[in-house]
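Mapping to numbering that gives the first Met the number 0: the sequence shown position 164 is 163, numbers consecutive.
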Amino acid sequence: MRVAVVGAGWAGCAAAVQAARLGHQVELIEASRQPGGRARRLAFEHGGQSLNLDNGQHILIGAYSETLRLMRELGLDPQQELQRAPLSLRFADGRGLQLPGWPRWSTLAVALGVLSARGWGWTDKLALLLRARQWQAQGFACATQTSVQGLCAGLPPRVMRELIEPLCISALNTPAERASAQVFLRVMQDALLGEAGGSDLLLPLRDLSALLPDAALQRLTQTGQQVRLGLRVRALARAGKQWHLQWDAQQAGDSSLFDAVVLACPATEAARLLQPLPDAAPWLSLADTLQYEAIATVYAWAPGVQLAQPMLALDECADQPGACAQFVFDRGQLGGPAGLLAFVLSASTQDRSALMAGVQEQARQQLGLDRLELVQTVIERRATFACTPGLQRPPMQVLPGDARVLACGDYVQGPYPATLEGAVRSGLTAGLALGRQAEQSKPPLTV
0 MRVAVVGAGW AGCAAAVQAA RLGHQVELIE ASRQPGGRAR RLAFEHGGQS
50 LNLDNGQHIL IGAYSETLRL MRELGLDPQQ ELQRAPLSLR FADGRGLQLP
100 GWPRWSTLAV ALGVLSARGW GWTDKLALLL RARQWQAQGF ACATQTSVQG
150 LCAGLPPRVM RELIEPLCIS ALNTPAERAS AQVFLRVMQD ALLGEAGGSD
200 LLLPLRDLSA LLPDAALQRL TQTGQQVRLG LRVRALARAG KQWHLQWDAQ
250 QAGDSSLFDA VVLACPATEA ARLLQPLPDA APWLSLADTL QYEAIATVYA
300 WAPGVQLAQP MLALDECADQ PGACAQFVFD RGQLGGPAGL LAFVLSASTQ
350 DRSALMAGVQ EQARQQLGLD RLELVQTVIE RRATFACTPG LQRPPMQVLP
400 GDARVLACGD YVQGPYPATL EGAVRSGLTA GLALGRQAEQ SKPPLTV
């Protein structure tokens with residue numbers, strides 16, 4: 000089939016590579032001139048120096064099996080591209096949890112990490128271990144309407160503040176009081192008690208576009224597929240048994256008729272294209288219920304500074320409530336220039352000036368940095384969907400009874416929250432569905 004993949008984020012790249020692997024003729028179309036979607040390279044100049052950073056600091060974990068497999072398929076070596084380390088949620092003063100590097104003994108490593116958590120009393124540690132054992136006995140399942148805060152009711156405040164809340168905000172990008180406990184438990188099961196090394200932190204050593212999207216586009220062009228960057232699809236319409244994509248006339252070029260279309264763009268953009276199709280109404284109603292969370296990344300110079308670890312957790316700043324980072328990354332230890340720090344603020348509704356003031360205060364109080372030069376603040380207002388209890392996400396198949404138009408992305412129905420792994424898995428699944436559609440459309444053999 001001739002397939003259009005609209006959107007060159009991580010889901011779109013995965014879908015396009017999968018579709019091409021199955022023998023389809025693929026055209027990958029991206030409105031931006033930079034692939035990667037909400038996990039992409041961001042180039043800027045500061046003090047006469049050109050830097051490649053990211054539109055947001057991201058982390059991966061060892062349980063991201065499909066993302067790591069796709070990287071290897073595209074010729075990338077995760078050991079060279081990512082810094083692997085045991086899960087650590089340490090604060091600047093040494094408090095917090097850090098798992099030992101025992102990849103073959105994940106359950107024992109988690110227990111030992113909890114027992115050796117710094118700054119915790121025995122009551123804190125035993126309460127968490129008993130609750131974790133309870134979750135395990137229940138098969139890591141709970142009622143769909145339960146929040147993470149409800150799931151963890153009764154745990155000591157220190158455990159909530161220094162472990163549950165940072166884990167929840169990093170995995171679901173939704174505060175514990177309104178985050179889905181069902182999804183949280185699924186992530187905990189796969190990361191902490193799943194495959195060996197599943198909980199390991201994998202911190203990118205290069206910009207996010209170089210981590211996977213660049214390699215995907217290179218593979219596509221090498222295999223004769225077409226990649227169009229800087230081209231926005233204006234409309235989607237039926238054309239008999241095909242689909243017609245409309246874009247700017249001056250950029251027309253090749254035929255815009257396709258046998259199948261994969262919408263790998265944000266849910267709001269997919270909804271815009273699908274709005275004229277009456278049979279897309281059920282899908283559109285689910286997409287319309289999605290709410291979104293912001294992620295802000297504040298980049299700052301701290302000349303001569305090296306943090307105790309490449310990633311540290313941060314406390315909420317009493318003087319700047321709601322405008323504080325949850326984590327800080329030392330980019331100098333992650334392949335970037337020395338002294339460059341990235342402060343990440345998830346699910347914050349504060350404006351840019353408040354976020355910058357909050358980071359300055361945190362740096363002063365918790366990192367001892369009185370002189371911090373803020374150089375770039377990047378805010379993704381719709382970075383992820385809000386992973387709330389009982390949320391019904393739009394399905395992959397957009398039109399009832401017609402698998403020629405599919406949606407993929409981290410917001411599409413699936414077991415994971417809005418993560419890079421969720422996006423990649425969704426893209427691969429859409430690509431496989433195209434393969435099944437092609438098989439079903441073949442004419443019967445005659446003798």
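Just so it is clear, CB atoms sit at the ideal spot from N, CA and C, and this is done for glycine as well.
Remember, it's a predicted structure, so these values are computed and weren't measured experimentally.
For residue i: DSSP bridge partner residues
i	result
R227	I28
G35	G8
H243	A236 and L256
G95	R89 and R117
A406	L262
S146	S179
F139	DSSP output for F139 lists no bridge partner at all.
I294	S345 and E379
N51	A42
Q82	L202
R1	Q24
L311	V327
A299	L340 and L373
L398	D401
I60	L200
Proximity winner among the options, relative to residue i (alpha-carbon distances)
i	options	result
A353	A295, A62 and L431	A295
L134	L191, Q78 and R89	The identity of residue 134 in the sequence shown is Trp, whereas the question assumes Leu. Ranking the options by Cα distance to W134, first place goes to L191.
R177	A13, F384, Q188 and P394	F384
G74	D53, G149 and P212	P212
V158	W119, A142 and C141	W119
L207	L276, T66 and G112	T66
S284	V226, A299, P394 and R403	P394
E315	L433, F90, E194 and S198	F90
G61	S198, L339, R237 and C264	S198
L21	E372, L219, V147 and V374	L219
A346	A175, A108 and A110	A175
A263	P155, Q137 and D409	D409
T106	F257, Q188, R403 and A307	Q188
H57	R392, A382, G389 and Q391	A382
A293	L276, L344 and V358	L344
E161	A136, L114 and G95	G95
F342	N172, G335, L230 and Q361	Q361
L390	V261, T173 and D92	T173
T143	W282, G421, V397 and P388	P388
L339	Q349, F328 and T348	F328
T376	R363, L368, R392 and Q359	Q359
Backbone CA spacing between residue i and residue j [nearest angstrom]
i	j	result
Q224	H23	9 Å
G55	A312	16 Å
R424	A10	7 Å
A170	P414	13 Å
E80	R68	13 Å
T267	L419	19 Å
A7	A30	8 Å
V2	Q17	11 Å
A337	P309	12 Å
A234	L244	6 Å
V186	A126	20 Å
D247	V5	15 Å
A324	P399	43 Å
W300	A322	19 Å
L273	A279	6 Å
E379	R351	11 Å
A432	A402	8 Å
L366	I168	21 Å
T428	R71	18 Å
A116	S87	10 Å
A15	V25	6 Å
P442	R330	Annotation note: pLDDT 49 at P442 (below 50); position unreliable, no value reported.
P155	A131	14 Å
L210	T122	42 Å
A307	F326	13 Å
P302	G153	43 Å
CB-CB length for residue i against residue j, believed under 8 Å
i	j	result
L27	L41	Going by Cβ atoms, the distance from L27 to L41 rounds to 21 Å, so no, they are not a contact pair.
G426	A13	3 Å
G112	L98	4 Å
R333	L200	Checking the sequence shown, residue 333 turns out to be Leu, not Arg. No, L333 and L200 are not in contact; Cβ-Cβ is about 11 Å, not under 8 Å.
C141	A180	5 Å
V182	P416	5 Å
Q82	L166	Between L166 and Q82 the Cβ distance is about 20 Å, and since that is not below 8 Å, they are no contact.
C407	V260	With a Cβ gap of about 11 Å, C407 and V260 do not count as contacting.
CB contact below 7 Å: residue i versus chain C
i	result
N54	You won't find chain C in this structure, because it holds only one protein chain.
Closer than 6 Å: residue i CB and nearest the ligand NAP heavy atom
i	result
C323	As far as ligands go, the structure on display features none, and thus does not contain the ligand NAP.
### Message
Restricting to runs no shorter than 3 residues, where is the beta strand (DSSP E) found entirely within the region 313-345?
### Response
List check, beta strand (DSSP E) in window: 326-329 and 339-345.
### Query
What runs of the beta strand (DSSP E), each 3 residues or longer, lie entirely inside the region 162-216?
You should have 200-203.
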